[in-house]
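Before any comments, here is the structure.
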Amino acid sequence: MPSLVVVGAQWGDEGKGRIIDLLSKRADIVVRFQGGCNAGHTLIVDDHRLALHLIPAGIVHTHTLCIIGNGVVVDPQALLEEMERLRGLQIDISPKRLLISDRAHVTFTYHRLLDAAREATGSKLRLGTTQRGIGPTYVDKVERVGIRMTDLLDGERLRKKLELNFEQKAHLLSRLPKDERPNIDELCERYLEYGKMLAPFICDTTLILNEALRSGKNVLFEGAQGAGLDVDFGTFPFVTSSNTIAGAVCIGAGVPPKFINAVIGVTKAYTTRVGSGPFPTELNDETGEKLREIGMEYGATTGRPRRCGWLDLVQLRFAARINGFDALVLTKLDVLDQFEEVKVCIAYEYNGQKISEFPACSEVLSECRPVYETLKGWMQPTRHIRNYRDLPKNAQRFAEFISQELGIPIGLISVGPKCDDVIVLDERWVNYRF
Ligand code: IMP
40 MPSLVVVGAQ
50 WGDEGKGRII
60 DLLSKRADIV
70 VRFQGGCNAG
80 HTLIVDDHRL
90 ALHLIPAGIV
100 HTHTLCIIGN
110 GVVVDPQALL
120 EEMERLRGLQ
130 IDISPKRLLI
140 SDRAHVTFTY
150 HRLLDAAREA
160 TGSKLRLGTT
170 QRGIGPTYVD
180 KVERVGIRMT
190 DLLDGERLRK
200 KLELNFEQKA
210 HLLSRLPKDE
220 RPNIDELCER
230 YLEYGKMLAP
240 FICDTTLILN
250 EALRSGKNVL
260 FEGAQGAGLD
270 VDFGTFPFVT
280 SSNTIAGAVC
290 IGAGVPPKFI
300 NAVIGVTKAY
310 TTRVGSGPFP
320 TELNDETGEK
330 LREIGMEYGA
340 TTGRPRRCGW
350 LDLVQLRFAA
360 RINGFDALVL
370 TKLDVLDQFE
380 EVKVCIAYEY
390 NGQKISEFPA
400 CSEVLSECRP
410 VYETLKGWMQ
420 PTRHIRNYRD
430 LPKNAQRFAE
440 FISQELGIPI
450 GLISVGPKCD
460 DVIVLDERWV
470 NYRF
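Per my numbering, the sequence shown starts with residue 40, numbered consecutively.
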């Protein structure tokens, strides 16, 4: 039962999509277990740039079954659009290829409106969300008034639940402009229609998944966002509304902990972040601009320019501890090819003291200054390289420095955006032998 969890080690956008694309070549099942269409996994398929938001990246391989687990919040409109886009690329989207948990919560149009209202300019509550209604959908789940995929299959049940939901949030809805306030009749009609279209895909996914794990199938769990955005362990409150770390697999997919065999953390060779929140190694200068331009650091979901900075080992060490990484995937190494020197943050300075632990408090983190180790750059292209020993010596030193500081081996290094622009340091990860 080789099951592998792949999660983001930073603030999302680490390049998980293309790594999952690579690792799912040998996977029987690929599962999303948290988040929603706030995620944007970019793949390059036959020179075609493809951004996936809800459907697991394994969908591009014809042999994989993709599962959207109960921990995901599903916007049916966004999902149906994504399904259509994939069909347009001749990818089979049938229940043989895609299943959706009947327990997954549904994002409605009003969740998006509430997300946008909270984010409205000038609001003190502004977090820089993707405005996809993710937070408000998870709020409904925890408030126990959420509506689940199974509810889209029964008109009477859907109406009753919507009425209850509206009663509970009457004060919030009354703050929306009159012409934007949701209408239960319209919503019932529209979401029942979505339910009809999605009905063949909706089922108890725990049955299939647990059976597959017991019978020794290769299962890949695809994380969205990253450890820095985890609602418990991230830079709260500047986080997303789900648990993004490996432990969330059990809750978000209905899988017992004993079925998880290995965890891989994906990190860029530098750091990026979108939205608000502390970011100690952020570079608001030419170097940051250079990273953004070479790395094409613009959001796959919102198109926003990403904030860029050097690699932060304090943040990564914390991410490694709470996830239990067995290996790291270092992505976008090639983006550093044109830097004379490369910096890596090894500690913070706070109130005149050196600290090496990631603080719980965002206010403290925002006052932390990075303490850097400066390494020599390699000033040579690396995109064509497929063997570790062919990497320039200084690039090897950079990778080894990270691995030694964190005490975690590096399993793969990506040197370009295409699926095979990768250096495999340890074949076990691509072959599911662990
Ligand atoms: P939300 O998930 O839309 O509520 O946004 C909360 C925070 O998470 C914001 O800072 C977003 O920019 C960030 N975020 C959400 N999804 C992603 C992602 O896939 N990549 C990077 N940042 C994300």
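Yeah, the Cβ is synthetic: ideal placement off N, Cα and C, and Gly gets one too.
Bear in mind the structure is a predicted one, so any value in this text is a computation, not a measurement.
Closest residue to residue i among the options (Cα-Cα distance)
{"i": "Val70", "options": "His87, Gly316, Leu43", "result": "Leu43"}
{"i": "Leu237", "options": "Thr283, Arg187, Lys217", "result": "Arg187"}
{"i": "Gln392", "options": "Ala399, Val403, Gly327, Val383", "result": "Val403"}
{"i": "Leu369", "options": "Lys329, Tyr309, Asp376", "result": "Tyr309"}
{"i": "Gly334", "options": "Val353, Leu352, Arg312, Pro319", "result": "Arg312"}
{"i": "Phe364", "options": "Arg422, Ile303, His423", "result": "Ile303"}
{"i": "Val46", "options": "Gly267, Arg88, Leu211, Lys235", "result": "Gly267"}
{"i": "Trp50", "options": "Ala159, Gly455, Asp324, Thr279", "result": "Thr279"}
{"i": "Leu201", "options": "Ser401, His144, Pro420", "result": "His144"}
{"i": "Leu119", "options": "Val305, Arg253, Gly416, Lys235", "result": "Lys235"}
{"i": "Asp243", "options": "Glu328, Arg183, Gly108", "result": "Gly108"}
{"i": "Pro95", "options": "Ile132, Phe147, Leu372, Leu445", "result": "Ile132"}
{"i": "Thr101", "options": "Lys64, Met122, Gln116", "result": "Lys64"}
{"i": "Trp417", "options": "Ile424, Leu430, Gln264", "result": "Leu430"}
{"i": "Ser17", "options": "Gly161, Gln443, Ala156, Leu259", "result": "Lying before the first or after the last residue shown, residue 17 is absent from the chain, which here runs from 40 to 473."}
{"i": "Asn362", "options": "Pro134, Asp224, Gly286, Glu250", "result": "Gly286"}
{"i": "Leu445", "options": "Thr306, Pro409, Glu328, Asn323", "result": "Thr306"}
{"i": "Thr421", "options": "Ser395, Ser254, Asn433", "result": "Asn433"}
{"i": "Ile441", "options": "Asp86, Ala159, Arg356", "result": "Arg356"}
{"i": "Glu232", "options": "Asp351, Asp193, Arg57, Gly172", "result": "Asp193"}
Own chain partners of residue i with C-beta closer than 6 Å, once the 5 adjacent residues on each side are dropped
{"i": "Glu321", "result": "Arg346, Gly348"}
{"i": "Ser315", "result": "Leu166, Gly167, Phe277"}
{"i": "Leu137", "result": "Cys105, Phe240"}
{"i": "Val84", "result": "Val99"}
{"i": "Tyr427", "result": "Ile462, Leu464"}
{"i": "Pro317", "result": "Thr274, Ser401, Leu404, Ser405"}
{"i": "Asp114", "result": "Cys76, Thr146"}
{"i": "Glu412", "result": "Val383, Ile385"}
{"i": "Thr189", "result": "Asp141"}
7 Å CB neighbourhood of residue i in its chain, flanking five on each side removed
{"i": "Thr169", "result": "Asn77, Thr340, Thr341"}
{"i": "Gly79", "result": "Ala90, His92, Gly338, Ala339, Thr340"}
{"i": "Gly450", "result": "Ile303, Ala366, Leu367, Val368, Leu464, Asp465, Trp468"}
{"i": "Asn204", "result": "Asp179, Val184, Ile186"}
{"i": "Arg331", "result": "Pro344, Arg345, Cys347"}
{"i": "Val270", "result": "Val278, Thr279, Ser280, Ser281, Asn282"}
{"i": "Pro41", "result": "Asn257, Asn300, Tyr471, Phe473"}
Residues bridged to residue i [DSSP beta-bridge criterion]
{"i": "Val302", "result": "Val44"}
{"i": "Gly167", "result": "Beta-bridge pairing links Gly167 to no other residue."}
{"i": "Gly161", "result": "Answer is none; Gly161 lacks a bridge partner."}
{"i": "Phe260", "result": "Val44, Val70"}
{"i": "Ile241", "result": "Ile139"}
{"i": "Leu445", "result": "Beta-bridge pairing links Leu445 to no other residue."}
{"i": "Leu451", "result": "Val368, Val463"}
{"i": "Arg151", "result": "Partner(s): none; Arg151 has no beta bridge."}
{"i": "Arg187", "result": "His144"}
Residue i Cβ short of 6 Å to the ligand IMP heavy atom set
{"i": "Val77", "result": "In the sequence under discussion, the amino acid at residue 77 is Asn, which differs from the Val named in the question. True, at least one ligand heavy atom lies under 6 Å from that Cβ."}
{"i": "Leu82", "result": "no"}
{"i": "Leu153", "result": "no"}
{"i": "Gln49", "result": "no"}
{"i": "Gln354", "result": "no"}
{"i": "Val469", "result": "no"}
{"i": "Thr326", "result": "no"}
{"i": "Leu164", "result": "no"}
{"i": "Gly97", "result": "no"}
{"i": "Val178", "result": "no"}
{"i": "Asp52", "result": "yes"}
{"i": "Thr274", "result": "no"}
{"i": "Gln264", "result": "yes"}
{"i": "Thr279", "result": "yes"}
{"i": "Thr283", "result": "no"}
{"i": "Thr168", "result": "yes"}
{"i": "Ile107", "result": "no"}
{"i": "Ile474", "result": "This structure cannot settle anything about residue 474, because the visible part of the chain is limited to 40 through 473."}
{"i": "Leu268", "result": "yes"}
{"i": "Gly342", "result": "no"}
{"i": "Val313", "result": "yes"}
{"i": "Ile173", "result": "yes"}
Chain D contact for residue i (CB, 7 Å cutoff)
{"i": "Asp85", "result": "Judged by its chain identifiers, the structure shown contains no chain D, having just a single protein chain."}
Same chain only: Cβ atoms within 8 Å of residue i, ignoring 5 sequence neighbours per side
{"i": "Glu219", "result": "Leu152"}
{"i": "Ile447", "result": "Gly304, Ala359, Phe364, Asp365, Ala366, Leu367"}
Going residue by residue through the stretch 78-140, where are the continuous beta strand (DSSP E) segments of at least 3 residues, counting only ones entirely within it?
80-84, 87-91, 104-107, 137-140
Where are the alpha helix (DSSP H) runs, 4 residues long or more, that stay fully inside the stretch 388-421, in chain order?
401-404
Continuous alpha helix (DSSP H) assignments of at least 4 residues falling wholly in the stretch 305-393:
325-334, 352-362
What are the start and end residues of each continuous alpha helix (DSSP H) run of 4 or more residues lying completely inside the stretch 179-233, in chain order?
194-207, 209-212
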